[in-house]
Every structure is written in C-alpha cells, then in structure tokens.
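Per the working numbering, the sequence shown starts with residue 6, numbered consecutively. Backbone N, C-alpha and C define an ideal beta-carbon position, used for all residues, glycine too. Here's the structure we're looking at; comments come further down.
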Amino acid sequence: MKRLAALPAALALMACGAAHADEVQVAVAANFTAPMQKIAAEFEKDTGHKAVLAFGATGKFYAQIVNGAPFDVLLAADDETPARLDTEHRTAPGTRFTYATGKLVLWSAKDGYVDNQGQVLKTGDYAHLALANPKTAPYGAAAIQTLTKLNLLERVQPKLVQGENIAQAYQFVSTGNAPLGFVALSQVYRDGKFTSGSGWIVPANLHSPIRQDAVILARGAANPAAKALEGYLKSARAKDIIRSYGYEL
6 MKRLAALPAA LALMACGAAH ADEVQVAVAA NFTAPMQKIA AEFEKDTGHK
56 AVLAFGATGK FYAQIVNGAP FDVLLAADDE TPARLDTEHR TAPGTRFTYA
106 TGKLVLWSAK DGYVDNQGQV LKTGDYAHLA LANPKTAPYG AAAIQTLTKL
156 NLLERVQPKL VQGENIAQAY QFVSTGNAPL GFVALSQVYR DGKFTSGSGW
206 IVPANLHSPI RQDAVILARG AANPAAKALE GYLKSARAKD IIRSYGYEL
C-alpha cells in the first residue's frame with residue numbers, strides 16, 4: 006500500500022482507470038465507418054474503454070437486435086430505428102440523441118464526370134447507377150426520394166444496382182463497376198473537399214432529413230463503457246471529427 010501511495014498522482018489515476026476499463030459492443034451504420042473508427046481510437050486513448058465496432062445497414066442491425074444480438078450501443082443511419090427500439094423497451098430510457106445529420110451525394114470515381122448540378126443524371130450515357138438498398142439503408146431511401154423528386158426514377162430504374170448497404174454502394178462506384186452512384190458524403194469527403202473523383206451534394210430539399218440517432222440498448226444499460234461512449238460522442242473532440250467528414254450537427 007505504501008508503494009502505491011508513493012506513485013505520482015497521474016500514474017495512480019492511470020492505473021485506476023485501466024483497472025476499470027470496459028468494452029462496449031457498438032453497431033454502427035455503414036456510412037459512419039470512417040469517423041467512428043477515428044472516434045473509437047480517441048475514445049480508447051482518452052478513457053481506457055474499448056469500443057468494439059460492427060458496421061452494416063441499420064435495418065439489418067434492427068433485426069439482429071430484436072433477435073438478441075449482443076450489442077450495447079446502436080449508431081443508426083436514421084432516427085426512426087432507435088425511436089422504434091425505444092417504444093419496444095429495448096433501450097436504456099433517455100439515452101437516445103442525434104449524433105449527426107448525414108448528406109447524400111451523387112459521386113463518381115472519375116474526375117470531372119459529375120457536374121455541380123447533377124445534370125449527368127439526365128444527360129449522362131451511363132450503364133449503371135448504384136445506391137444502397139432503400140428498404141434497409143436510409144441513404145438508399147433518400148436516393149429514391151431524390152430520383153422521384155427529379156422525375157427520373159422511371160427513366161433510370163433499369164440502370165439501378167443495389168448494394169446491401171451504403172458501403173457496398175460505394176464499392177460499386179469506387180471500383181468502376183458503376184460509373185456513378187448515390188453514396189454518403191462522409192465516404193468521399195474530408196475537411197471541405199472531395200478526396201477523389203467528382204460529386205454533386207444533393208440539396209436537402211430533395212429528400213427527408215437524414216438524422217442519425219444513437220441509443221444505448223438494454224444490454225448496455227449497466228455497462229460503464231456504453232455510458233462513457235454516449236458522453237464522448239457529445240464531446241467537442243468527437244464533434245470536430247464528425248464535422249470533418251461532412252456531417253452537420
């Protein structure tokens with residue numbers, strides 16, 4: 006005990022923190038992959054807790070959670086799924102909040118292919134247009150709403166290729182299997198500019214807002230790491246990372 010008491014205060018605090026570090030299992034919407042990987046690394050560095058991440062479509066995560074998947078926290082691509090889980094008493098009450106508002110972009114891996122008004126949708130001679138499954142992925146639903154508002158859905162219907170989630174839709178375009186597609190801005194954007202290719206950020210009035218909510222699930226109610234992650238996502242450090250990927254807060 007004397008030896009422990011003699012440790013410098015900061016070192017003693019670190020030892021105490023490490024002794025109480027926990028893991029939190031997090032289901033993360035595919036569009037939030039890159040920012041969440043960065044946030045998780047900072048979260049572990051700052052708190053000692055480890056976030057174990059799984060990425061996928063929000064609709065599929067809902068089905069897995071209902072069937073007993075061992076997740077502590079859900080970071081959804083919409084606000085409807087966490088609200089539904091709330092009403093079904095599958096969450097820790099009072100923990101749901103909006104962590105980001107997403108943006109949809111029409112993107113091509115080719116420089117100069119997509120104009121800044123998205124006219125390529127009407128005039129381009131393209132064989133395929135990629136998007137995420139609108140039944141399970143909110144960004145896919147937003148893409149269908151956009152095409153409907155532009156009176157283009159019927160025209161492009163034969164060209165649509167669906168990814169299981171937004172990550173697969175991005176893969177179709179980034180590999181050239183589809184010359185363009187609707188993806189999440191966060192997948193192709195950093196610090197105010199496109200990282201590659203060309204894109205048109207879809208105006209918000211062409212689809213419903215993509216409000217992305219997080220919630221602690223019932224399984225994580227007693228997990229200190231889940232509560233710590235909830236707080237960390239609201240921190241200035243996490244918000245800076247989220248903004249850098251093109252999300253609004």
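Next item on the list: Under 7 Å Cβ to Cβ from residue 226, same chain only, skipping five residues before and after it: list those, please.
Entry: 97
Next item on the list: Specify the secondary structure class of residue 124 as computed by DSSP and reduced to three states.
Entry: coil
Margin query: If I measure Cβ to Cβ from residue 69 and keep anything under 8 Å in the same chain, skipping five residues before and after, which residues do I get?
Written below: Contacts found: 32, 76.
Next item on the list: Answer yes or no: do residue 136 and residue 174 have a C-beta to C-beta separation smaller than 7 Å?
Entry: yes
Margin query: Helix, strand or coil, according to DSSP, for residue 179 in the structure here?
Written below: helix
Notebook entry, point to check: Should residue 58 and residue 108 be called a contact, given that it needs their Cβ atoms to be closer than 7 Å?
Noted result: no
Next item on the list: May I ask you to report which of helix, strand or coil DSSP gives residue 14?
Entry: Note on residue 14: pLDDT 42, under 50, position unreliable in the model; the coordinate value appears next. It is helical.
Next item on the list: Could you tell me whether the Cβ atoms of residue 205 and residue 119 are closer together than 7 Å?
Entry: yes
Next item on the list: Output the boundary residues of the beta strand (DSSP E) element that contains residue 104.
Entry: 102 to 107
Check: Where does residue 38 land, buried or exposed, given buried means 16+ other C-beta within 10 angstroms?
Finding: buried
Next item on the list: Compute the Euclidean distance between the alpha carbons of residue 84 and residue 160, then round it to the nearest angstrom.
Entry: 30 Å
Notebook entry, point to check: Exposed or buried, what is residue 165 when buried is set at 16 or more other beta-carbons lying within 10 Å of its beta-carbon?
Noted result: buried
Item checked: Sequence ranges, alpha helix (DSSP H) only - wholly within the segment 28 to 99, length at least 4 -> Taking only runs of at least 4 residues, the alpha helix (DSSP H) segments lying wholly in the segment 28 to 99 are 38 to 52, 63 to 71, 85 to 92.
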